[in-house]
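Undergrad: Count along the sequence shown from 1, then add 7; that gives the number in the working numbering.
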Amino acid sequence: MNNSVREDLFNALNDLREEEFKNFKWWLKGINHNGKPNIPTAHLENTNQRDVVDLLIQHYGEDALEVCIRVLQKSNLNEVARKLEETLQKAGTEETQPQQLLLQGSCPQLQPVTAVCFPTSVVQPITDAEAHQLPASSNAEAHQLPASSNAGAHQLPVLSPYRNHVIEKFQRIEDPNATPGEYVSLNQRYSKLIIVDFQYSQKEREAEILATGMKHTEIISQRDKSSVTIGTLFNHDKYGFIPQIVVLQGAAGIGKTITAKKIMLDWASNEIYRGRFFYAFYISCREMNLHAESEKSSIAEIISKQWPGCQVEENVIRSILKYGKYLLFIIDGFDELRYSFDQAEDSWCSDPWQEEPIRIILKSLLKQKLVPESSLIITTRPTALEKLHRFLEHPHFFQILGFSRKGREEYCYNFFGKENPDQATQAFRFVKQNDTLFTMCVIPLVSWIICTVIKQEMERGMDLQKTPCTLTAIYMLYLSSLLKFHHKESKDNAQRKLKSFCSLAAEGIGKQQILFMEEEVKKHSLDQEQSLSLFLNENIFKRDIHCIQTFSFIHLSFQEFFAALFYVLKGTEKWHSQNPNRNLQALLQRHSIYFESVFAVGFRFLFGFLNEEKRMKGLKKDFRCQISDKSKDLLLEWVKNNITQKIYMIDLKWITQDNHTLYLYNSFNQRIHFYLEKEILSYLYETQDENFVRKALSAITEINYHCNSDMELMILAYCLQHCENLEYLYIRSPTSLYQADNELFLPKNEVRSRLLNLQMDCEPLDEGYMEHFFKSLTKLRNLRVLRLEKLHFTESCSTLLVEVFRKNQKLKELNLIFEDTSDIAMELLCEKLQHPDCKVETLEFQASEAAMIRYCSRHLAEVFRRNQRLKELKLYLNNISERAMEILCEGLQHQGCKVEKLWLSGEAMTESCSLHIAEVFWKIKELLLVLKYPTEGTFQRVCEGLQHRDCKVEELRLFGKYMTTFGSRQLAEVLRKSQRLRKLWLWIQGLRVEMVKTLCEGLQHPDCKIEKLCIHEEFLSKSSSSDFVKVLKRLRELQLFFCSLPENVEEVLCEGLRHLNCKVENLRLEGKFLKESFCRSFAEILKKKTSLRELDLLSNDTNNEAVEVLCEGLKHPNCNVEKLGLGGKFLTDFFCSHLSDVFRKCQRLKELELIPINNIDTVVEVLCKGLKYSDCKLEVLRINGEYLKILRGHSLSFGRQIARIVKIIHNLQKLYLHGDCFSDYEMKLLCEELKYARHKLKELWLNGKYIIQNGEWMEMDYTTRAEVSNLRNF
C-alpha cells in the first residue's frame, strides 16, 4: 500500500466534523464488503482519524479506498465520497504527476537537506521529496504549477531547508514565566481548541456568559460538536466557496497565538495544507510594533527575513511571489497593532518590492492589493473586528472558544508530561472540584496559571489539601498575566483603566446586565480599542433588519471579579456617593440569607481581597490600589449576623407533597437534613486570614454540611480549625448511603437506577483530603454531636477519630455511615468506644454489606457489651447475613448492654434474622422497625417476639411499604396480647380496607393497652366511622398526618372526635389540614365540653379563613383546651393577630408550646406581637426543638430573643426548652440577658435540667457554670 492512499484516506476523514466522523464509524461497523469480516466494534471505540485509516488498510488492503467511499455514501457524505472516487480513478498516474509538474524544467537539482539537530520527540526534518509532494485530489488541476519554458522566471527554491527552519523555530515555545533558555515542546503542550465558524445568538451568548459547572460544560460540549480543525479552515463553506481570508477571533488568553504557531508547525511538518500552500509566513503584529512609524520595508523583505539566516537570493523571492496562490500569510494579533489605518484611499502598495511604511504594507496585504492571490489567516480579539472588517473582502470568520472538557483534561496531562501522570491526575481532580475554576479553565491562559501554581506547590513538597489555591488568587494572577504579557501601559493609566473596568462591572451587576452598549462603555472612559480588548469581548447580534454591537466580559465571574474589586477599593467613594444603592453596605443588605445566584461568586472575591498581605500586595505595587479600611469591618459584621441563619427554610409542603410515609419516617428518625449554607464558609476560606476567620466563627455552634467534592472538604477542614464553640457537626459526602433510605418506598429497580446515576456524577472523596479533615476535628473541644455519612474510613482516619473522642469529653452522639472501612480501622474505633472514658450515649451506624458480614458486627457487639453509657442504637443494615445479625443480637442481649432504644432499618428482615431480633425485645423499651418488603414468616417472628410475656417494648414504630392480610392479623394479635405496649406509630403504605378493619379490631380489644396512636390519612380513608369511633373510646392521645384531607377522611375524623364516647385528651394534627370545611366542623367540636385538653397544630399550608374559624372555636367559653401547641405555617402575622384574643378569652388556656419549623426569630416576632397585652393569661411556655434539633435555625441572638419573650409575657412563670437543640453558648447568652431582666420565672428548664427552680438558680454542669452561679441570688 503506497503512502498516497494512506494520505488520501486521512485527508478525507480529517475533513469530517466530529458528528460526521462518528456516523462514519457507525456505518463502517456493518459495511459487509465482498464477504470480508467487518472491523470489530471494539477496535473502533475511542479511535481517531489516523487509527481508522490504519484499520481500513489492515482489514481491506487495496480495497480500503473503495470501502471508505461506500461508507461515506452511506453516511450521506456524498461530496467527500465523490472527491475520493476521483482520486481512485487517477491512482495510476497521481503518484508521479505532482513531482513532474514541480520539477518540469523549471527547478534546479534538489540539494541535500542541511543537517539540523532535533531533540527526541520533536518534529523530524522534512526531506526534499516530502517537501514538494502533493497528494492526488479532485482539485489536482487547481494545484498544478504552470509549466513554462522560462526556467529562470519560474525557478522555485528548495522547500525542505525552509520547512526545517520553520520547524526549528516553532516547535519550541516559551511559557510566560520561562527563564532564559527554558522552553517546552509546542506539540507536547498543545491541546485541541474549539473553533466554530458561526455566530451565536444573543440568547446563546448570554447563557454561555452566565453558566458555570455542569451547565457550562453542557454548552461547551454542544459547541465542540460543531468544532473545526486548523487543517480544515480553508475547506468549502456551506455555500461551496473556498475562503481566501480566514479570521480567527477570540478573547485575550484564549489561544490565538499558539494556534497560529501550531498552524505554522503543522504546515512545515506536512500535516496540513499539503498541496494547497507551498509557503507559509508568520507575521507577528507585536513585532511589527517595534518598527518606527516612518520606517519602511517591503513584503519581499519581510519574506526574506523569515529565511534561514535571513539570506535568500532575489530570484528565489521572485519565484515564490510568482505563485501567490500557493502562499499563506499568518498575521497574528491584529488588535495589537498601534498603527493608524485611516490614511487616504490611494495610500496602497501593490509592488512586493516597493518599500513603504509598515502600516501601508500590512494594510495593502489585508486589502489584497499586495500579493492578491495569497491566502491570509488573521488572529484578533473581537473588539478589533469592526476595524479589520473594513479592509477584508469575503473573509470567513471563526471563533476560538477555548478548551472543551476533554481539552482541559488533555492540557493538564500535557502540561505535567508523560513522566508525571499521577501529578496530572491529582491536579485535574483538584481543579474539577471547583465549578468556577473549572469553567474558567476553558481559557488556556487560566489553565496554564492553575497548572503552574499547582506544579510549583508540588515541587515544594506541599500537599494540595493544604494549598490555599483560592479563586481570588487565580483571578489575580490572570489579571496580572494579561496586563504583563498582553498589554503595556503606564501604572497611572493602568490604574485609571482598572477602576473604569471595575465601575462598568459594578454598574452591570447592579442592573443585572451582562451585555453593554457602546455608549455605556464610553461613559466609563473605556473608548480605547486596546484597553477594551484586554478584558471585554465584542458581540454583534442581529436585531430586526439591523446589527447591534455590544460588549461583555468574557464570563460573568470576571465581571463579578471587577465589581467586587470596585466595592472594596479606595478611591471609588465618589462614585459610591453618587450611587448610594451600589456601595458595599447596600450590597450586603441586599444579599439575603438565601443567597441568590446574583453576585454569588463576587462575594468570594470580596472576601478574597481582604487578605492584603497575600493578594493585594501585588495589586498595590502594580496599580497603586488599596483596600478601603471600612470593608473588612463591614464584611466581618455581616458574617457574624448571617452565618447561623444560613440554612434552607423548611417547607412541610415540600416534605409531604409526594410521600407522607417518607416524611413521617424521616421526621421521627431525625433524618431530615437541611444544611447550613456553604457559601459563607467558602467566603471565609477565600480570605486565608486566620484571625478574621476565627472572629467570624467564634459564635458558631452547629454546621450541617453536604460535602460534594474534595475542594468543599478542604474548605470545611480549614474553617473547622477556627470554630472554637462548635457543638454539632454533620458531614455528608456526595454519594451518601442515606440516599437509599430516602428512597425507601420506591421500587427496587428505581432506587438502584437513582443511586447509579448519583454515583456516576460524584467521585468518592480522596483519602488524603479525608485525613486532613479528620486532623481538623482533633482541634475541636466542645463537640457534642458528630455525624459522618458515606466516608471512606481508613486506619489513619480511625486513629484521628479516636483522638477526637479523647479530646471531646462532651461528645454524646455519634453517627457513622461508612462508605468503606477496614477491619483494623473498625477495631481501633470500637476499642475507643468501649473505653470507660467514652461518653457516647447514642450510636448510629451503617457500613457496607461486606464489611458488616466480615468484621463490623463482631467489633460492634463488643461495644454493646462494654459501653455502659450507650442507651440508644440505630442500625442500618442492608442484606446482612444471619451470622452477622446473630453476633449483633448476642451483644445486645448481654447483661452489660444498656441499650433501651433500638432502631433497625434496611433490608435486614429475613426470617432467620428476625428470630435473632425478636430475642432482643426483652431488653428494649422503644423499637423502630423499617420493614420494606417483609415476608409473612419474617413478620410473624417479629410479632411473636412482641407478644412474648417477657417483651418490654413500650413504644413501637412501624414503617414500610407492604403488609399482607396475614401480617395485619399478626399485628392485631400483638395489640391484644402485649401487656406493656402503650404507643403505636403505624405508617404502612398500601393498606387495604380489610387490613385496617383487622387492626381496628385489635385496637378495640379490651386487653389492648395502647394509649397513643400515630397514623396518617390513608389509615382513616380505609377505616369506617364506626370502627374509628370505637378506637377513640380507648385512646388518650392521637396524632394524625395529612398529605391531603379528602372529604371521607374529614367525615370519619370529625365523627369520631365529636362522639360522646371519645376519650382523646391530646390531639396533634400535622400536614395539610387547613381546609375551611374541616376547621368549621372542628371548631364546633371545640365549642362542646369534650375531653380534649391538649391540641397541637402544625400546618404546612395557609388559609386565613380556616384559621379565623378555628380561632373562634378556641375562644369559646366551653373550649376545654388547656395547652395549645403551634408550628409550621400557623406562626404567621395573620394568626398572631388572633393569638392574643385566644389567650385572653379562653379561660382554661394557660400553656403554649411552640414547635418552630423555620427560623426561631419568626416565632419570637409572632409571640411579641400576639402576647404583648397585660391581660394575657399565659403562664407556661414550651419551645420544642423537635425539628430544630436537626436544623438549628435560630440566629446568634437566640438567647437574647428568648429573654425578650420572658420580658414581654408578664404572667409567664415557667419556661421549658425541649429537644436538645440549644447549645451551651446560646444558653450562656440567655443567662446573661436574664441576669438584668425583670421577670416572674419560677422554672427555667433545659433538656432535662433545671436552670431555675422555685425561683432559684441551680448548679449547672456546663461551660457557663461560672456565669450562672453568679446569678443565684438574683
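Note that beta-carbon positions come from the ideal geometry of N, C-alpha and C, so glycine has one too.
For T828, report the span of its beta strand (DSSP E) as first-last.
TA: 820–828
Undergrad: Taking 8 angstroms as the limit between beta carbons, can you name the residues of its chain near N21, skipping five residues before and five after?
TA: Q56, T236, G238, T239, listed in sequence order.
Undergrad: Tell me which residue opens and which closes the beta strand (DSSP E) that Y286 is part of.
TA: 286–291
Undergrad: Under the three-state reduction of DSSP, which class applies to Y280: helix, strand or coil?
TA: coil
Undergrad: From which residue to which residue does the beta strand (DSSP E) around G1078 run?
TA: 1073–1078
Undergrad: First and last residue of the beta strand (DSSP E) that includes V12?
TA: That residue, V12, is in no beta strand (DSSP E); its alpha helix (DSSP H) goes 10–21.
Undergrad: Any idea what DSSP makes of H1145, helix, strand or coil?
TA: helix
Undergrad: According to DSSP, G409 sits in a beta bridge with which residue or residues?
TA: I201
Undergrad: Taking the runs of the alpha helix (DSSP H) that are 4 residues or longer, which of them lie wholly in the segment 1070–1124?
TA: 1083–1093, 1111–1122
Undergrad: Applying the 10 Å Cβ sphere with the 16-neighbour rule, what's the burial state of Y940?
TA: Exposed is the call here.
Undergrad: Can the beta-carbon of V87 be found less than 8 angstroms from the beta-carbon of L35?
TA: no
Undergrad: Runs of 4 residues minimum, wholly inside the segment 929–1000: which ones carry the alpha helix (DSSP H) assignment?
TA: 943–954, 972–984
Undergrad: Would you give the residue range spanned by the beta strand (DSSP E) that Y333 belongs to?
TA: According to the DSSP assignment, Y333 belongs to no beta strand (DSSP E), since it is labelled neither H nor E.
Undergrad: To the nearest angstrom, how far is it from the Cα of L541 to the Cα of K504?
TA: Answer to the nearest angstrom: the Cα atoms are 11 angstroms apart.
Undergrad: Are L965 and L998 touching if we call contact CB-CB under 8 angstroms?
TA: no
Undergrad: Are the C-beta atoms of L1027 and some chain B residue less than 8 angstroms apart?
TA: Going by chain labels, chain B is absent from the structure shown, which holds only one protein chain.
Undergrad: What would DSSP say about E879, mapped onto helix, strand or coil?
TA: It is a strand residue.
Undergrad: Going by the beta-carbon positions, is the gap between E697 and G615 smaller than 8 angstroms?
TA: no
Undergrad: Going by DSSP, what residues sit across from P364 in a beta bridge?
TA: P364 is bridged by DSSP to K303.
Undergrad: Pick from L818, K817, E802, L1081: whose alpha carbon is nearest that of L836?
TA: E802
Undergrad: Identify the continuous beta strand (DSSP E) that holds G1132 and give its terminal residues.
TA: 1130–1135
Undergrad: Please list the segments of the alpha helix (DSSP H) lying wholly inside the segment 1008–1043, counting only runs of 4 or more residues, in order along the chain.
TA: 1024–1028, 1032–1039
Undergrad: Closest to D244 by C-alpha separation, out of R24, S1098, E869, R791, would be which residue?
TA: Of the listed residues, the one whose Cα sits closest to D244 is R24.
Undergrad: Return the first residue and the last residue of the beta strand (DSSP E) that N711 is part of.
TA: 709–713
Undergrad: What ranges does the alpha helix (DSSP H) occupy inside the segment 504–575, keeping only unbroken runs of at least 4 residues that lie completely in it?
TA: 525–530, 536–542, 563–575
Undergrad: Within the continuous alpha helix (DSSP H) that includes N296, where are the two ends?
TA: Here N296 belongs to no alpha helix (DSSP H), and DSSP marks it neither H nor E.
Undergrad: Just the C-alpha distance for E838 and L821, rounded to the nearest angstrom, thanks.
TA: Taking the straight line joining both Cα atoms gives about 15 angstroms.
Undergrad: What number of angstroms, rounded off, separates the C-alpha of E856 from the C-alpha of L909?
TA: 20 angstroms
Undergrad: With distances taken between CB atoms, is the gap from Y482 to F573 smaller than 8 angstroms?
TA: No, Cβ-Cβ distance for Y482 and F573 is not below 8 angstroms.
Undergrad: For V254, count neighbouring C-beta atoms within 10 Å of its own C-beta (all shown protein chains included) and say buried if the count is 16 or more, exposed if not.
TA: With 16 or more other Cβ atoms within 10 Å, it is buried.
Undergrad: What ranges does the alpha helix (DSSP H) occupy inside the segment 182–261, keeping only unbroken runs of at least 4 residues that lie completely in it?
TA: 193–196, 209–217, 220–232
Undergrad: List the endpoints of the continuous alpha helix (DSSP H) containing S382.
TA: Run containing S382: none in the alpha helix (DSSP H); it sits in the beta strand (DSSP E), 382–387.
Undergrad: Following the continuous alpha helix (DSSP H) through I894, name the residue where it begins and the one where it ends.
TA: 889–900
Undergrad: Could you tell me how far apart the beta carbons of L1219 and L1241 are, in whole angstroms, since I believe they sit closer than 8 angstroms?
TA: Beta-carbon to beta-carbon, L1219 and L1241 are separated by about 12 angstroms, too far to satisfy the 8 angstroms threshold.
Undergrad: Flag this pair as yes or no: are the beta carbons of I368 and S304 separated by less than 8 angstroms?
TA: Here I368 is near S304, since their CB atoms are less than 8 angstroms apart.
Undergrad: Under three-state DSSP, which class holds D696?
TA: coil
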